[in-house]
Structures are given as C-alpha cells and as structure tokens.
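Below is one structure, written out as structure tokens, with a few remarks after it.
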Amino acid sequence: MSSAYAQLACPDCGLDDPRIIAKQLLLDDIPISIWTDKSTYDHNDTIIVEGRVANVVSGVPVTLTVTSSLHSIITVDQIVVDNMGNFATILSTEGALWKHDGRYIIKANYGSAEKNSRVLVELVNGVVSESISKTCGQSELDVIGNCVPFSISGGTVNRVNVNTNDNSIILMISANVDGTITLSPSKDVLEGPFMVLVDDEQWDDAEINGNEITVMFLAGAEKIEIFGTHVIPEFGAIAALILAVAIISIIAVSAKSRLSIMPRY
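For the sequence shown, the numbering used here assigns the number 906 to the initial residue and increments by one for each residue that follows.
Written out as structure tokens, the structure is:
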C-alpha cells in the first residue's frame, strides 16, 4: 500500500505490535490521512483510495483532487465521511486524462486548505510523457519549460522554483546592492492579481502593469516570491461548482451575521 499509514487499513492486524499501536494513535491525531491499496497501477486499473479524518464535522465532505505528472487536474470529487471518520472511493485509470505514464498526486482536503494529505501513485505501460526541452535566452527564465522574459539590475537570479499549492513563482537571488527585477510571465504561467513577498515578508515596493511585475529589492535580499491567481476553468466543472457552493455559503453566513446585529424595535 502507498502511504506511511497504509498498513492501518487492516484494523485488526498487529494489534499487539507497539509500533502499530503507536501509529494508530498518531493517525487519530493527524487532521486527515490518505492511502491507496498499491503504489503502481496500469492504465486499465482501479485505485482504491481510503482515508481517515481525526475530528469529524457533520455534513462536511472530503474534497479529493488528482493531478497528473503534466501538472493538469484529472478529477475533483467530494467523498462522504462516516461517523468514525473513515472515507473511501475508487478511481478508474481508464480514459484519455490518465493515458500518460508517470506520477499522479492524489490530494485530500477536509474543511480548510491547512487540513490536507496527499499520496503519490505511479502509472505504467501507457504513453510516456514527452519531456519539455526548451532553451531559454539570456534575458529569459526557465519556469517549468516556459521561457519568461525578465531583467535584473543589482543582482543575479540563482534558481527558479514553482509552488503549485500557492500559485507562486519563487526566485532565489544574490544581491550585493539595491536593485530591481522585472518579470513578464504569460497568463499560462502566472496570472494576476499579484502579491509579492521578499524574504518571506510582504513587500509593497513593487509595480504591476498588466502581467508585468517589477520588484525593487534591497542589498542582501535572497528570496522573491510572486503570487498569482489561476482561471477557475482550469479546475474543471466540478471544482467550479464546489467553489460556487462555498461562495454562496459565505454570503449566506455574512447575511445572517448582519441580520443578527440589526437593532430590534
């Protein structure tokens, strides 16, 4: 089974083993855990996904998101949690969205973005994903195979990372003097509005013009992180529906709160 807690799917196995007991206690404390029956699958297979929620909130489902090795979302689903905190579902690896070999991330969220768990599975004997080999120019940064125009003064860019969870590009730089850096990512790479952190601190010394971002940094700065938002259709119709329901719920709660503080005559 895939996941450090997969062996716990058999609740009666190894009850006398203190290591199993310790892991069971740990599992009860973790907000949400997820595992699969195997770690490797064919493209005509089924993935059995199981999990556990430590603290059950009545009526709140687990949201399951599957992402492919090409960073595209395969499916989004909601799973009912039973009174004991257990949940399970079955995924089919048939179909065009699952055709590529490689690692797939199965991520479970419960109630909030902080309460999440994920597991990796490998699909084999299908279409091998073509590796993106693109040579960027001197005035471009390679961001997961995409060449992003940039310019920098007062420093150099050492490394570029992408944080897919937070929709951000992370630039690791060396700066001996005060300087500026300008990026012009396409909307396929990063789409605004934008927020900027410099060395993990919110940074207001930045200018945004469309999809062009200019950040002024101080000598000694090492990390610049630029956050963007993605277009909702990238997540598919189910995710859009989930988002719509969440927004409606927030509006309803806000309206109820306003009514509760209105003076009564």
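Glycine is no exception: its CB is placed at the ideal position from the N, C-alpha and C atoms.
Item	Value
Under the three-state DSSP convention, the category Leu1002 falls into	helix
Three-state class that DSSP yields for Met989 in the structure shown	coil
Val1101 (DSSP reduced to helix, strand or coil)	strand
Buried or exposed (CB count within 10 angstroms, at least 16 for buried), Arg957	buried
CA-to-CA distance, Asn988 to Lys1092, given in whole angstroms	43 angstroms
Integer-rounded CB distance, given that Thr994 should sit under 8 angstroms from Ile1010	About 16 angstroms; that fails the 8 angstroms criterion.
Cβ contact (3+ pairs, closer than 8 angstroms) linking the stretch 1011-1025 and the stretch 1036-1056	no
Start and end residues, beta strand (DSSP E) containing Trp940	937-941
Neighbourhood of Thr1061 by C-beta distance below 6 angstroms, restricted to the same chain and skipping five residues each side	Ser1079
Whole-angstrom distance between Ser1017 and Val1101, CA atom to CA atom	23 angstroms
Uninterrupted beta strand (DSSP E) stretches inside the stretch 939-970 (no shorter than 3 residues)	951-958
Alpha-carbon spacing of Thr1087 relative to Ala1111, whole angstroms	10 angstroms
Span of the beta strand (DSSP E), counted from its first residue to its last, around Val1174	With the chain covering only 906 through 1170, there is no way to say anything about residue 1174.
8 angstroms contact criterion, which Ile1118 and Phe1132 should meet: CB distance rounded	About 10 angstroms separates the two Cβ atoms, so there is no contact after all.
Same chain, Cβ closer than 7 angstroms to Lys1020, five either side skipped, listed in chain order	Pro936, Ile937, Asn1014
Under 7 angstroms between C-beta atoms of Val1067 and Leu1076	no
Gln983, DSSP secondary structure in three states	strand
Rounded Cβ spacing between Ser963 and Glu1027 (contact assumed at less than 8 angstroms)	That belief does not hold up - the Cβ atoms of Ser963 and Glu1027 are roughly 36 angstroms apart, past 8 angstroms.
Proximity below 7 angstroms, CB of Gly1000 to CB of Ser974	no
Cβ-Cβ separation, Val1082 to Gly1059 (assumed contact under 8 angstroms), whole Å	5 angstroms
Burial state of Glu955 (16 or more Cβ within 10 Å)	buried
Presumed contact (8 angstroms Cβ cut-off) between Trp1003 and Ile979, rounded CB distance	7 angstroms
Pairwise C-alpha distance: Pro1054 and Ser1073	16 angstroms
Inside the stretch 1039-1077 only - beta strand (DSSP E) runs reaching at least 3 residues	1045-1048, 1051-1058, 1061-1068
CB of Pro992 within 7 angstroms of CB of Val967, strictly	In the sequence under discussion, the amino acid at residue 992 is Phe, which differs from the Pro named in the question. Contact: yes.
N- and C-terminal bounds of the beta strand (DSSP E) containing Lys1092	First-last for Lys1092: undefined, no H or E at that position.
Helix, strand or coil at Glu1117 [DSSP, three-state]	strand
Identity of the residues DSSP links to Asn1081 by a beta bridge	Note: Asn1081 sits in no beta bridge, so no partner.
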